[in-house]
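Heads up: the structure comes next, in structure tokens.
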Amino acid sequence: MSEIVHVNLAERSYDIHIGPGLLERSGALIAPLLERPKVAVVTDENVAELHLTTLRNGLLENNITMSHIVLPAGESTKAWPQFERTVEWLLAEQIERNDVVVAFGGGVIGDLAGFAASVLRRGVRFVQIPTSLLAQVDSSVGGKTGINAPQGKNLIGAFHQPSLVLADTGVLGTLTERDFLAGYGEVVKYGMLGDIEFFQWLENNGPALAAGDMALRIEAVKRSCQMKADIVARDELEKGDRALLNLGHTFCHALEAATGFGDRLLHGEGVAIGCALAFEVSARSGLCSQEDPSRVRAHLIDMKMKADLSDIAGELPDADGLMALMLQDKKMMGGTLHYVMARGIGDAFVTSDVDPNVVRQVLQDGLSVRR
Numbered sequence: 005m006s007e008i009v010h011v012n013l014a015e016r017s018y019d020i021h022i023g024p025g026l027l028e029r030s031g032a033l034i035a036p037l038l039e040r041p042k043v044a045v046v047t048d049e050n051v052a053e054l055h056l057t058t059l060r061n062g063l064l065e066n067n068i069t070m071s072h073i074v075l076p077a078g079e080s081t082k083a084w085p086q087f088e089r090t091v092e093w094l095l096a097e098q099i100e101r102n103d104v105v106v107a108f109g110g111g112v113i114g115d116l117a118g119f120a121a122s123v124l125r126r127g128v129r130f131v132q133i134p135t136s137l138l139a140q141v142d143s144s145v146g147g148k149t150g151i152n153a154p155q156g157k158n159l160i161g162a163f164h165q166p167s168l169v170l171a172d173t174g175v176l177g178t179l180t181e182r183d184f185l186a187g188y189g190e191v192v193k194y195g196m197l198g199d200i201e202f203f204q205w206l207e208n209n210g211p212a213l214a215a216g217d218m219a220l221r222i223e224a225v226k227r228s229c230q231m232k233a234d235i236v237a238r239d240e241l242e243k244g245d246r247a248l249l250n251l252g253h254t255f256c257h258a259l260e261a262a263t264g265f266g267d268r269l270l271h272g273e274g275v276a277i278g279c280a281l282a283f284e285v286s287a288r289s290g291l292c293s294q295e296d297p298s299r300v301r302a303h304l305i306d307m308k309m310k311a312d313l314s315d316i317a318g319e320l321p322d323a324d325g326l327m328a329l330m331l332q333d334k335k336m337m338g339g340t341l342h343y344v345m346a347r348g349i350g351d352a353f354v355t356s357d358v359d360p361n362v363v364r365q366v367l368q369d370g371l372s373v374r375r
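Numbers in the numbering used here are just positions in the sequence shown, counted from 1, shifted up by 4.
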């Protein structure tokens, strides 16, 4: 019942396996990468409690032993202290350049462990085993690794492609509804940015997918990964098309910084709100019809997701404060902020030609609902 998506990057190419039961088959799938039968696993407390034994047993099926480090769960882990701890642990474990590090967790663990692998001995191979929907469809694919800085999200990192991705859709059943729907924010983003047929498919199948239909979950992960793989193959280092994957993220990262990168706002929730804001700015700029942001919000609300600034608990900075946070975005070039805007659902593009007054007014309108 598994599918394979190939990421075509010449000598850095790799496969994404998608389907249930991949933890049990992990040994057979990882063994061809190994020169000696051992791996170093980086995980977090939540994933370790639920799934570490299954992974260990899957590796032992092929006589592969594992050492592991368990980090605290949550976005605050993705910073210098736990990164330093992880690198020093890998050195203490005497991980060699020809060994493999396994990132076993959600996006935080994948980003941090991948970055650790990228700098260890100037580059060690790693395998992504993403355990959240968000990580399966986004952060585990494409080789972006890194940690957060006080100045903003993902400002320290490197491009370092994995050697293999195992997206076990069976583990998605252990996610809370909130975590699953946060990941869905990244899934629906793919339809919004480049595939209106996928967006329509999600409008029809999203509720059943969220309710646990395994075939629909596999299809959603596969189509998301295929779209990302195609874009990454064209633009590995984000000099052109790959920036489209950041639809909603300029707003999202500012909102995450404003809420302290904590549980007030999960990344995928910020992406969903960010996409709704991007479509609203696009509509008010005359780029797309007003029906498009209305349709985007209607689907997010139908999926019981956050869709507006008013859905974020607690106080937020004013519009100028949020715009100041947006200026820390990685997409700043020559002092100019580049946005991902839309001519319609499935037709996104990157531009610096966005009136800041329109952005400010959209934010002000969204914030005013809170008062």
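Idealized CB from N, CA, C, for every residue including glycine.
Counting along the chain, T57 sits inside the alpha helix (DSSP H) bounded by residues E49 to L64. N66 places its beta carbon 8 Å or farther from that of A44. Proximity to H342 across I20, G350 and M330 peaks at M330, based on C-alpha coordinates. Following the DSSP letters along the chain, one finds T254 inside the alpha helix (DSSP H) bounded by residues H253 to A262. Contact check for E7 against G23 passes: the beta carbons are separated by less than 8 Å. The C-alpha of D357 lies about 11 Å from the C-alpha of S286. Per the DSSP secondary-structure output, L75 pairs in a beta bridge with D48. Judged by beta-carbon spacing, I316 lies beyond the 8 Å limit of R364, meaning their Cβ atoms are not closer than that value. H303 counts as buried, since at least 16 other C-beta atoms from the protein chains shown sit within 10 angstroms of its C-beta. When Cβ pairs closer than 8 Å are counted between the two stretches, the region 166 to 173 is seen not to touch the region 277 to 295, the count staying below three.
Pairing M345 with G216, the inter-Cα distance amounts to about 32 Å. According to the DSSP assignment, K243 belongs to no beta strand (DSSP E), since it is labelled neither H nor E. Across the set Q230, N209, M231 and K232, the C-alpha of N209 shows the shortest separation from the C-alpha of R221.
In the three-state reduction of the DSSP assignment, I20 falls in the strand class, which pools E and B.
Rounded to whole angstroms, the separation of the alpha carbons of T69 and F203 is 42 Å. Boundaries of the alpha helix (DSSP H) harbouring R364: P360 to S372, taken from the DSSP string.
Excluding residues up to 5 positions away in sequence, G274, V275 and G278 lie with their Cβ nearer than 6 Å to the Cβ of C256 in the same chain. If you check the CB distance, S122 and H164 come in under 8 Å.
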